[in-house]
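Going line by line, the protein sequences match chains A and B.
Positions 1 to 108 (the working numbering) are the ones given, in order, by the first sequence.
Positions 1001 to 1117 (the working numbering) are the ones given, in order, by the second sequence.
Worksheet: the structure to be examined is printed underneath.
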Amino acid sequence: GIQVEQSPPDLILQEGANSTLRCNFSDSVNNLQWFHQNPWGQLINLFYIPSGTKQNGRLSATTVATERYSLLYISSSQTTDSGVYFCAEEGAGNMLTFGGGTRLMVKP
Amino acid sequence: GAGVSQSPRYKVAKRGQDVALRCDPISGHVSLFWYQQALGQGPEFLTYFQNEAQLDKSGLPSDRFFAERPEGSVSTLKIQRTQQEDSAVYLCASSLAPHRGLDQPQHFGDGTRLSIL
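Have a look at this one:
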């Protein structure tokens, strides 16, 4: 089946720093989503990005489908960015397969 | 509200009891998914509905797990004779349509945190 791997598994940043999170996937991408799971457990949609580049404020994402990876960029990090970042790929059956997540802590 | 609504938010049950978890998807959304998230891990697929039809239940861990969506809107996930390993967060997601090539992201509810004592 589809395998999704994320790196790094854990990341600690000082407020104001930039970071890049990576997602590798094993199959041709139909749909790739990035999520932020906040400390209360809510999964927040960040990007729907099967290919190309998108930006939303301090966040941007790039998916290179031919090379089977996606990157999430966080610039000028804030403490509210803390939580777990998941990428997930949609398979043939429409369900999402999630990576193991990157646990981000932003220190003030 | 405009989002996916799940209830209860928290559920504590004794081992052996039956539980029922409810999901109210975004109005008009055709596709509905259930996922299970164990502590410290990413969500894992359980089952998928397109309207009232359950098209995929390959992720259900055992025959104690049962899901339904009888009118193509609200869905219920039922777990019979609960066991401690069933303790997890159960997430429901919906999307507008299953069509590929369109911008149809899955939107998640806040989940039900189930604890089996």
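No residue lacks a Cβ here, since even glycine has one placed at the ideal position from N, Cα and C.
Could you pull the DSSP bridge partners for residue i from this structure?
i: residue 24/A; result: 5/A, 69/A
i: residue 993/B; result: As displayed, chain B neither begins before 1001 nor continues past 1117, which places residue 993/B out of reach and without an answer.
i: residue 1044/B; result: 1036/B
i: residue 1024/B; result: 1005/B
i: residue 105/A; result: 12/A
So, for residue i: in the same chain, excluding its five sequence neighbours on each side, which residues have a beta-carbon less than 6 angstroms away from its beta-carbon?
i: residue 1021/B; result: 1077, 1090, 1112
i: residue 69/A; result: 24
i: residue 1065/B; result: 1079
i: residue 105/A; result: 12, 82
i: residue 27/A; result: 2
i: residue 84/A; result: 37, 101, 103
Residue i CB to nearest chain A CB: under 8 angstroms?
i: residue 1072/B; result: no
i: residue 1031/B; result: yes
i: residue 1089/B; result: yes
i: residue 1006/B; result: no
i: residue 1041/B; result: yes
i: residue 1105/B; result: yes
Tell me which residues share the same chain as residue i and place their Cβ nearer than 8 angstroms to its Cβ, disregarding the 5 neighbours each side in the sequence.
i: residue 1052/B; result: 1069, 1070, 1071, 1072
i: residue 43/A; result: 35, 36, 37, 86
Kindly indicate if chain B contains any beta-carbon less than 8 angstroms away from that of residue i.
i: residue 25/A; result: no
i: residue 45/A; result: yes
i: residue 96/A; result: yes
i: residue 33/A; result: yes
**OP:** May I ask you to verify whether the region 20-30 of chain A touches the region 70-89 of chain A, counting CB pairs closer than 8 angstroms and requiring at least 3?
**Re:** yes
Original post:
Mind pulling the beta strand (DSSP E) runs of 3 or more residues that sit fully within the region 24-93 of chain A?
Top reply: 32-37, 43-48, 52-56, 59-64, 69-74, 83-90
Subject >> Cβ contact check for the region 1030-1046 of chain B and the region 77-96 of chain A: 3 or more pairs under 8 angstroms >> reply: Yes, the region 1030-1046 of chain B is in contact with the region 77-96 of chain A.
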